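Visitor: Just passing along the structure, written as structure tokens.
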Amino acid sequence: MPYLLAAEADKIQDFIFRSSRLREVVGASQLLTRFCRSVEDTLAKQYNGQVVVNDGGSFRVIFDDRNDAVAFGADLAERYRLALGGSLTVAEPVAMNSDFRTANDEAGTKLRWAKSHRQGVVAEVHMPYVAFCESCGVGLAERRDRLAGRNDSRHRYLCATCQIKATERDRGLREFLGGVYDPYAKKAAIPAHIEPDWPEDADAIAVFDLSKRNYVAYLVADGNGMGQLFGNCDQGQLQNLSQGLSTVLSESLAVPMIEFRKQVPAQATMMPMLPLILGGDDLFALVPASYALDIARRFCLEWEERMQMLVNKIGLHNVPRPTIAAAVVICKRTYPYALAHRRAEALLEDAKRQSKLLAAKTNGHLSAVNFEVILGNRLAGMAEADGDQVIRRSLRPYWVAEHDLSKDALLRGIDLKHLLAQRYALKDLPRKRLAELRRCFAEVQTDIPVQQRTQNLERWTQHRLEWILERLSAASRSAVVDALAVLGKPKNDGNGAHYWRSITRDNRDVVVHGMLDLLEVWEFAQELSHNPDDYEPQEDEA
Numbered sequence: 001m002p003y004l005l006a007a008e009a010d011k012i013q014d015f016i017f018r019s020s021r022l023r024e025v026v027g028a029s030q031l032l033t034r035f036c037r038s039v040e041d042t043l044a045k046q047y048n049g050q051v052v053v054n055d056g057g058s059f060r061v062i063f064d065d066r067n068d069a070v071a072f073g074a075d076l077a078e079r080y081r082l083a084l085g086g087s088l089t090v091a092e093p094v095a096m097n098s099d100f101r102t103a104n105d106e107a108g109t110k111l112r113w114a115k116s117h118r119q120g121v122v123a124e125v126h127m128p129y130v131a132f133c134e135s136c137g138v139g140l141a142e143r144r145d146r147l148a149g150r151n152d153s154r155h156r157y158l159c160a161t162c163q164i165k166a167t168e169r170d171r172g173l174r175e176f177l178g179g180v181y182d183p184y185a186k187k188a189a190i191p192a193h194i195e196p197d198w199p200e201d202a203d204a205i206a207v208f209d210l211s212k213r214n215y216v217a218y219l220v221a222d223g224n225g226m227g228q229l230f231g232n233c234d235q236g237q238l239q240n241l242s243q244g245l246s247t248v249l250s251e252s253l254a255v256p257m258i259e260f261r262k263q264v265p266a267q268a269t270m271m272p273m274l275p276l277i278l279g280g281d282d283l284f285a286l287v288p289a290s291y292a293l294d295i296a297r298r299f300c301l302e303w304e305e306r307m308q309m310l311v312n313k314i315g316l317h318n319v320p321r322p323t324i325a326a327a328v329v330i331c332k333r334t335y336p337y338a339l340a341h342r343r344a345e346a347l348l349e350d351a352k353r354q355s356k357l358l359a360a361k362t363n364g365h366l367s368a369v370n371f372e373v374i375l376g377n378r379l380a381g382m383a384e385a386d387g388d389q390v391i392r393r394s395l396r397p398y399w400v401a402e403h404d405l406s407k408d409a410l411l412r413g414i415d416l417k418h419l420l421a422q423r424y425a426l427k428d429l430p431r432k433r434l435a436e437l438r439r440c441f442a443e444v445q446t447d448i449p450v451q452q453r454t455q456n457l458e459r460w461t462q463h464r465l466e467w468i469l470e471r472l473s474a475a476s477r478s479a480v481v482d483a484l485a486v487l488g489k490p491k492n493d494g495n496g497a498h499y500w501r502s503i504t505r506d507n508r509d510v511v512v513h514g515m516l517d518l519l520e521v522w523e524f525a526q527e528l529s530h531n532p533d534d535y536e537p538q539e540d541e542a
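The sequence shown begins at 1 in the UniProt record's numbering and counts up by one.
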């Protein structure tokens with residue numbers, strides 16, 4: 001009788017992020033990718049196993065003998081510990097009768113149980129008169145050496161794990177990043193003999209900040225409803241889906257970056273991005289801050305299209321249309337990447353929740369993008385959206401759609417492309433008026449009783465907003481009024497003489513507006529269909 005074994009690496013992000021430099025983060029991701037892919041041709045063959053899934057630290061392997069499955073699991077965990085310095089949980093093998101899906105569900109249940117009942121945790125050895133690693137700050141240093149890299153020449157104390165990551169990064173990145181580079185190079189017509197020049201740190205990507213303020217963007221993405229998709233697969237479909245996911249992710253990221261290169265050709269020999277996590281449906285990448293939102297939007301659309309093609313190809317039917325959630329954190333190049341990722345995960349969770357609610361309540365399926373700009377070295381999340389208020393100053397997250405939104409979707413938000421379009425429409429607005437608009441929307445009172453909401457917004461419109469509009473030229477005033485209607489509603493439509501839109505968010509009725517979102521992300525909301533010169537303002541008033 002065949003047996004299905006499930007195994008999964010523990011705390012993968014802790015392993016990948018346990019370094020201070022992006023070089024070692026990339027090395028850790030590549031090391032994990034190489035380890036997973038090597039299992040099929042090495043350890044699995046040794047135990048006569050048939051690999052179904054071996055990507056992103058997750059494994060599903062079929063054996064004809066239970067003893068082989070148990071021995072393989074023990075050997076896999078030990079080799080993972082030796083190669084990567086982390087732990088890997090192995091579930092008890094599950095007997096397969098005729099239904100692979102049932103066995104796979106049971107294997108997943110046993111894996112979750114095993115993860116929650118792990119035994120034998122070992123504390124890090126700690127002795128006096130020893131040094132901690134200067135890169136991760138956690139492991140004990142075993143040598144003092146210089147890490148490779150064009151911008152690093154000093155010697156430092158290093159632990160074994162960080163040395164392994166650095167060595168892996170210096171081996172070459174074809175195995176990990178080739179999936180992104182190959183389609184990028186093909187469409188960008190880069191000759192085959194030219195070796196890709198990947199950025200080593202955030203400083204290299206900050207060069208692309210058109211505002212010259214050294215900002216970068218971190219893009220995080222994760223597929224929606226992937227558990228349901230995997231649960232509908234038979235053995236062959238699961239294997240094909242697992243193998244195709246990384247290709248879909250890599251190619252979807254390459255497409256918008258090609259468009260970025262067309263608009264910003266500086267540093268032509270260097271890739272304008274650096275993927276840090278790239279496996280399955282999980283993405284964490286460093287991208288240019290300029291055009292960051294449109295990069296995220298186009299990535300989502302590409303992923304949807306390519307994922308639907310993959311679903312059709314492997315013969316999956318009666319499953320929801322694939323969608324993905326993305327989050328963009330825009331920050332200074334010196335901002336710690338781990339903090340940016342933590343904030344992006346929180347923003348991503350909100351985007352995924354809104355997509356899930358839309359599907360549950362209306363049977364609509366849309367991708368969503370959330371974002372935040374971290375000014376200077378301010379802590380992320382300090383200025384949260386007014387989540388419990390009847391008035392919210394933000395429309396985030398935004399939907400992403402190829403065509404016009406349905407009526408149900410419009411009752412829960414607007415398309416990100418409309419926010420980006422208003423950035424171009426308002427490009428000639430004087431900086432002084434932009435600053436006044438930003439203060440005006442930022443100071444809207446939100447902690448009021450719901451019965452006073454309409455009255456307060458009408459008073460704010462009449463005494464604060466109209467005062468700013470009256471100071472604009474006729475052309476600028478018309479453009480701002482149009483933007484107010486697009487990012488909210490026309491002034492006299494619906495309930496009240498104001499521009500705020502009524503939507504359902506988290507099963508609550510609130511009024512929102514996207515103008516403050518636009519003004520906060522102003523420098524980074526450019527569309528890839530326009531080059532930087534198109535956004536040069538032609539101000540006609542002081």
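The beta-carbon is built from N, C-alpha and C at its ideal position, and this holds for glycine as well. Because the structure is a prediction, the values reported are computed rather than measured.
Figure out for me which residue from GLU520, ILE258, ALA289 has the closest Cα to the Cα of SER394.
Guide: Walking along the sequence shown from the start, residue 394 turns up at place 394. Looking at the Cα atoms, GLU520 is the closest of the given residues.
Visitor: Expressed to the nearest angstrom, what Euclidean distance is found between the alpha-carbon atoms of ARG396 and VAL328?
Guide: Taking the first residue of the sequence shown as position 1, residue 396 is located at position 396. Taking the first residue of the sequence shown as position 1, residue 328 is located at position 328. Their backbone Cα atoms lie some 12 angstroms apart in a straight line.
Visitor: Report the option in ASP222, ASP68, ARG79 whose CA atom is closest to the CA atom of GLU92.
Guide: Residue numbering aside, residue 92 sits at position 92 when the sequence shown is read from its first letter. Checking every option, the nearest Cα to that of GLU92 belongs to ASP68.
Visitor: By the three-class DSSP mapping on this structure, what secondary structure does TYR499 have?
Guide: The residue you call residue 499 lines up with position 499 of the sequence shown. Note: TYR499 maps to coil in three-state DSSP.
Visitor: Can you check the stretch 36-61 for any alpha helix (DSSP H) of at least 4 residues that lies completely inside it and give the ranges in chain order?
Guide: 43-46, all fully within the stretch 36-61.
Visitor: What's the call for MET257, buried or exposed, on a 16-neighbour Cβ count within 10 Å?
Guide: Numbered from 1 along the sequence shown, position 257 holds the residue referred to as residue 257. So MET257 counts as buried.
Visitor: First and last residue of the beta strand (DSSP E) that includes ARG156?
Guide: What you label residue 156 is simply residue 156 of the sequence shown in a count that begins at 1. Its beta strand (DSSP E) spans residues 155-158.
Visitor: Rounded to the nearest angstrom, what separates ASP404 and LEU366 at their Cα positions?
Guide: Position 404 of the sequence shown, counting from 1, holds the residue named residue 404. Position 366 of the sequence shown, counting from 1, holds the residue named residue 366. Spanning the two alpha carbons is a distance of roughly 11 angstroms.
Visitor: Which class does GLU8 belong to by DSSP, given the choice of helix, strand or coil?
Guide: Within the sequence shown, the letter at position 8 stands for residue 8. In the structure shown, GLU8 sits in a strand (DSSP, three-state: E or B).
Visitor: Indicate whether VAL311 and ARG392 have their beta-carbon atoms separated by less than 9 angstroms.
Guide: Counting from one through the sequence shown, the residue named residue 311 turns up at place 311. Counting from one through the sequence shown, the residue named residue 392 turns up at place 392. For VAL311 and ARG392, no; Cβs fall outside 9 angstroms.
Visitor: Cα-Cα, which of ASP506, VAL51, LEU484, GLU527 is closest to LEU357?
Guide: Within the sequence shown, residue 357 is the residue found at index 357, counting from 1. Of the listed residues, the one whose Cα sits closest to LEU357 is ASP506.
Visitor: Over what stretch of residues does the alpha helix (DSSP H) that includes ALA217 continue unbroken?
Guide: Position 217 of the sequence shown, counting from 1, holds the residue named residue 217. Per DSSP, ALA217 belongs to no alpha helix (DSSP H); it is in the beta strand (DSSP E), 215-223.
Visitor: Determine, using beta carbons only, whether SER87 and ALA77 come nearer to each other than 9 angstroms.
Guide: In the sequence shown, the residue the question calls residue 87 occupies position 87. In the sequence shown, the residue the question calls residue 77 occupies position 77. Cβ atoms of SER87 and ALA77: closer than 9 angstroms.
Visitor: For a minimum of 3 consecutive residues, which ranges assigned as the beta strand (DSSP E) are wholly contained in the stretch 354-420?
Guide: Listed in chain order, the complete beta strand (DSSP E) runs (minimum 3 residues) inside the stretch 354-420 are 367-373, 398-400.
Visitor: Can you give me the start and stop residues for the beta strand (DSSP E) that VAL311 sits inside?
Guide: As a position in the sequence shown, residue 311 is number 311, starting the count at 1. Where VAL311 is concerned, there is no enclosing beta strand (DSSP E), although the alpha helix (DSSP H) it sits in stretches over 292-313.
Visitor: Let me make sure I understand the geometry here. Which of ALA217, ASN232, CYS233 has the alpha-carbon closest to that of PRO275?
Guide: Position 275 of the sequence shown, counted from the first residue, corresponds to residue 275. The residue with the shortest Cα to Cα distance from PRO275 is ALA217.
Visitor: Counting only runs of 3+ residues fully inside the stretch 501-541, write out the beta strand (DSSP E) ranges in chain order.
Guide: 501-505, 508-512, all fully within the stretch 501-541.
Visitor: Looking at LEU22: is its Cβ nearer than 9 angstroms to the Cβ of GLU200?
Guide: Position 22 of the sequence shown, counting from 1, holds the residue named residue 22. Position 200 of the sequence shown, counting from 1, holds the residue named residue 200. Yes, the Cβ-Cβ distance between LEU22 and GLU200 is below 9 angstroms.
Visitor: Pull up the DSSP beta-bridge partners for MET270, would you.
Guide: By one-based count along the sequence shown, residue 270 stands at place 270. Answer by DSSP bridge pairing, in chain order: ASP197.
Visitor: Give me the residue from ASP493, HIS498, SER476, ARG353 with the minimum Cα distance to HIS463.
Guide: Translated into the one-based positions of the sequence shown, residue 463 becomes position 463. The candidate whose alpha carbon is nearest that of HIS463 is HIS498.
Visitor: Under the three-state reduction of DSSP, which class applies to ILE190: helix, strand or coil?
Guide: Position 190 of the sequence shown, counted from the first residue, corresponds to residue 190. In this structure, ILE190 counts as coil in the three-state DSSP scheme.
Visitor: In whole angstroms, give me the CA-to-CA distance for LYS262 and ASP533.
Guide: By one-based count along the sequence shown, residue 262 stands at place 262. By one-based count along the sequence shown, residue 533 stands at place 533. Their Cα atoms are separated by approximately 13 angstroms.
Visitor: Does DSSP put TYR3 in a helix, in a strand, or in coil?
Guide: In the sequence shown, the residue the question calls residue 3 occupies position 3. Reduced to three states, the DSSP call for TYR3 is strand.
Visitor: Locate the alpha helix (DSSP H) running through THR109, then write down its first and last residues.
Guide: Here the question's residue 109 lines up with position 109 in the sequence shown. Note, THR109: alpha helix (DSSP H), 100-116.
Visitor: Find the nearest neighbour of LEU348 within the set GLU372, ARG333, VAL180, judged by alpha-carbon distance.
Guide: By one-based count along the sequence shown, residue 348 stands at place 348. The shortest C-alpha separation from LEU348 is found at GLU372.
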